[in-house]
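Shown next, in structure tokens, is the structure this report addresses.
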Amino acid sequence: KPEEKKSALSGLNEHQLEAAATDEPTVAVIAGPGTGKTKTLVARIAYLVEEKGVEPSAITAVTFTNKAAGEMKERLLDYFQNKRTVNAMTIGTFHSICLHLLEKQDKNVTLIGEYEALDTAAQVIRTLELKISPKQFLSEVSKLKCGKQSDLLSGEAAEAYDSRLRSMGVLDFDDLLLQVLLQWEEGNTGKKAVKTFSYLLVDEFQDVSDIQYRLTKAWSALGQSLFVIGDPDQSIYGFRGSDSRCFQRLSKDMPALRQIRLTQNYRSTPEILRCALPAISQNEGEERILHPNRKNGDPVQLLTAQSPLSEGIYIAKEINRMVGGVDMLDSQAFSAGHEAEQPRSFSDIAVLYRTHRQADMIEKCLRKESIPYVVMGRDDFLADPKVRGTEAFFRFLLEPRDIPALRASLSMAFHFPEDLAARLESLFLERTISDLASSDAEAVFEEYAEVGHCQKWMELIRKYLPRVQKEKPRSLLEDWAEEMEWTDEEPLGRFMNMAVFHPNMAAFLSNLLLGEEGDLSRNAQQSYTADFVRLMTLHGSKGLEFPVVFLAGVKKGTLPLESAAHPADIPEERRLFYVGMTRAKEKLYLLSSPSEPSEFLSDIPEPLLQKSPVTERKFQYEGKQLSLF
Ligand code: ATP
Ligand code: MG
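Here it is as structure tokens:
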């Protein structure tokens, strides 16, 4: 094409330009939502390679999720039009980068699966007769490992859990980061690895944990440039140990830190920003400045619905109206006077909520209206016993020391009794799996042959062992499903769909482990850009943007989320509300309750909200009361 190639920095505003092209060794870009932080980070990478001649292999960019890493790679690929350049860079989450580092050192790293970790926690709880749930146990262990205090757990309990992991030869997520951190703090790293981090860039820096902060410091210690970007007002992982004061910490640790602020918001209409700013301004901090760059649009809608059902019905009807699928006169928003609206596609629209549980009702309503949707980050089907058994079986084949995987595969897929599982376990601690699978191990098989599904299990071990490294995960799984007579299992089908995107079983399984909220749908559905409405939690929506956003359940108890088990951290809940609102580019709908609105709504000046009730009458359809269920 005759079209001239864009320069790395074209289209950036003055401050973005300053950030992207800076020569200073440590830079923090601290700026509000939609100000182009991520865009600036990508531009800086392009600039470093194109203008500064930096080798791609000397660049590492850390993203918050694997999905964000994938998107960043795509944007860079778009720019460079050269796979080799982009592949030479290191782009990923802290966890995936650490895993990669250890694997490069030929360290045999086996990560413990989420469910296996819960099982292990449950065993420790039982042994020590603790009164705590496995989930809570794990989060307290994590706190302790990250150098924090725990009110609920002793160091001994954490040690008991840890020694179990050690005896099984597996690491958990914190260990993965800690191992790498230890190496780097001791200066125990190869020159080559050091070079990888010469130019280190970190997105969403406001959500780094203590370990991640220290990793950032250690990695950049011998580097040329550290570039971190983020927004303290969007720090929403405090419950998991992130600390939005990391920017202050950095400027203390690195006195030469150059701070750059961006104030032009390119994402949202002035109406949306005018509502979002007073809401977040209730939190402590300097005055927030966000100048809207977009033209005026529609006022923010506040809908009050009597129940989650009518809320869901409203959302479904409104979506159908927007894409032009339903009788226009049926819609109340239409009668509010938006004749000139252009039709939307489903993928323009996101429905956000505070908890996964809220998704069920919304899903039902969307299904009823035949609206294509995808629920992001919900991995229920991974908890299905057959899926767990399958995953564990192949995990064990790839890593025979992974005893939790062995145990899970035996009990989930083959219903082995506990005592037999224990015997097999000790057998596997002594021998390698290829010993057992080789023909001279017949005697061992014989011994177990008469027990239940044992024969079958051995058969399958021998059948798949030679193939697991070579074949594509999808075909292995299809074959396996047939062997197990599980071809009609829906959860397993979804699992197989995810496998399509991975070149080999090891990559697939490690991606599963490292997958974070929001990652799954990209795999589960054909492609990320397909025409679906996106359903996701507020947490999962971080960094994303959509022309139309519905924020469901903006009411007491739900946002801020508050229950006996979950005392609300009000400033953090307010940040979540702020993150949600600022995802919207053009249209924002807040769904609330007439009797119990969220306290956050009262921070928004009333004239800024176009308020209307959702009434059941609105769901008369062709003269009939619409009965949904
Ligand atoms: P968040 O805090 O939500 O992560 P962000 O600061 O990372 O937001 P981006 O996602 O990088 O913001 O950018 C938001 C939107 O604004 C994107 O659609 C981006 O393309 C657009 N944008 C950013 N800078 C500019 C610019 N200089 N000119 C035009 N569009 C821009
Ligand atoms: Mg961003």
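In terms of the UniProt record's numbering, the sequence shown opens at residue 457 and continues consecutively. Even glycine gets a Cβ: it sits at the ideal position worked out from N, Cα and C. These numbers were taken from a predicted model, which means no experiment stands behind them.
Residue i: CB within 8 Å of a non-hydrogen atom of ligand 2
i     : result
K560  : no
E727  : no
D816  : no
D659  : yes
K1011 : no
G999  : yes
K493  : yes
Residue i: CB within 8 Å of a non-hydrogen atom of ligand 1
i            : result
Q690         : yes
T566         : no
Y722         : yes
L736         : Checking the sequence shown, residue 736 turns out to be Ile, not Leu. No; taking the cut-off as 8 Å, the Cβ of I736 has no heavy atom of ligand 1 nearer than that.
I827         : no
I547         : no
I685         : yes
R1039        : yes
G833         : no
P489         : yes
Q472         : yes
L718         : yes
N543         : no
residue 1086 : Residue 1086 is absent from the structure shown; the chain starts at 457 and stops at 1085.
Closest residue to residue i among the options (Cα-Cα distance)
i            : options                 : result
I925         : F964, E946, F957, L969  : Reading the sequence as shown, one finds Gln at residue 925 and not Ile. Checked all of F964, E946, F957, L969; the closest Cα to Q925 is F964.
D666         : L633, W640, R620        : L633
P959         : G697, Q911, K928        : K928
F802         : L808, R810, P828, T811  : P828
L532         : P1069, L497, E941, L862 : L497
M954         : R500, Q579, E847, S598  : E847
P1050        : F683, K1012, A877       : K1012
N749         : T760, G741, Y770, L718  : L718
residue 1087 : P755, L759, Q757, Y722  : Not covered by the structure: residue 1087. The range shown for the chain is 457 to 1085.
A502         : R620, T541, T993        : T541
A839         : D631, V807, P922, G569  : G569
Three-state secondary structure assigned by DSSP to residue i
i     : result
N469  : coil
Y1013 : A small fix is needed here, since residue 1013 is Gly in this sequence, not Tyr. It is coil, neither helix nor strand.
F849  : helix
F703  : helix
E915  : helix
Q605  : coil
E972  : In this prediction, E972 scores a pLDDT of 47, lower than 50, which makes its location untrustworthy; no coordinate-derived value is stated.
P1003 : strand
M528  : helix
A806  : strand
Q814  : helix
T672  : helix
V597  : helix
V831  : strand
Q1066 : strand
M1037 : helix
P590  : helix
L1046 : strand
V956  : coil
I775  : helix
L994  : coil
T1071 : coil
D922  : Note that residue 922 corresponds to Pro in the displayed sequence, not to Asp. Coil, per DSSP.
T494  : helix
G793  : Since pLDDT at G793 reaches only 47, below the 50 mark, its modelled position is unreliable, and the value read off the structure follows with that caveat. If DSSP states are grouped into helix, strand and coil, G793 belongs with coil.
Any C-beta of chain B under 9 Å from that of residue i
i    : result
L557 : In the structure shown, chain B does not exist; there is a single protein chain.
Ligand 3 heavy atom lying under 8 Å from the CB of residue i
i    : result
T496 : Ligands present in the displayed structure are limited to ligand 1 and ligand 2, and ligand 3 is not among them.
Checklist entry - If you pair each beta-carbon of the segment 1024 to 1039 with each one of the segment 732 to 747, do three or more pairs fall below 8 Å? => result yes
Checklist entry - Where in the segment 608 to 664 do unbroken runs of the beta strand (DSSP E), each at least 3 residues long, occur, reported from the N-terminal end onward? => result 655 to 658
Checklist entry - Three or more C-beta pairs closer than 8 Å, one from the segment 645 to 662 and one from the segment 596 to 607: is that the case here? => result no
Next on the checklist: I want to know whether the segment 758 to 774 touches the segment 809 to 827 - three or more CB-CB distances under 8 Å.
Outcome noted: Yes, they touch.
Next on the checklist: Report the start-end ranges of each alpha helix (DSSP H) in the segment 680 to 750 that is 4 residues or longer and not cut off at the edges.
Outcome noted: Within the segment 680 to 750, the complete alpha helix (DSSP H) runs of at least 4 residues are 702 to 709, 726 to 736.
Next on the checklist: To test your reading of the DSSP string, which unbroken beta strand (DSSP E) runs of 3 or more residues are found completely within the segment 532 to 588?
Outcome noted: You should have 546 to 548.
Next on the checklist: Does the segment 504 to 521 come into contact with the segment 539 to 557, if we say contact requires no fewer than three beta-carbon pairs (one atom in each stretch) closer than 8 Å?
Outcome noted: yes
Checklist entry - Is it true that the segment 550 to 561 meets the segment 851 to 868, where meeting means three or more beta-carbon pairs spaced less than 8 Å apart? => result no
Checklist entry - Any contact of the segment 699 to 716 with the segment 473 to 488, i.e. 3+ C-beta pairs under 8 Å? => result yes
Item to check | Given 8 Å, three or more beta-carbon pairs between the segment 870 to 879 and the segment 575 to 585 | outcome: no
Checklist entry - Three or more beta-carbon pairs under 8 Å between the segment 830 to 845 and the segment 1001 to 1017, yes or no? => result no
Checklist entry - How about the segment 614 to 626 and the segment 636 to 654: do they share at least three Cβ pairs that are nearer than 8 Å? => result no
Checklist entry - Any contact of the segment 464 to 481 with the segment 696 to 706, i.e. 3+ C-beta pairs under 8 Å? => result no
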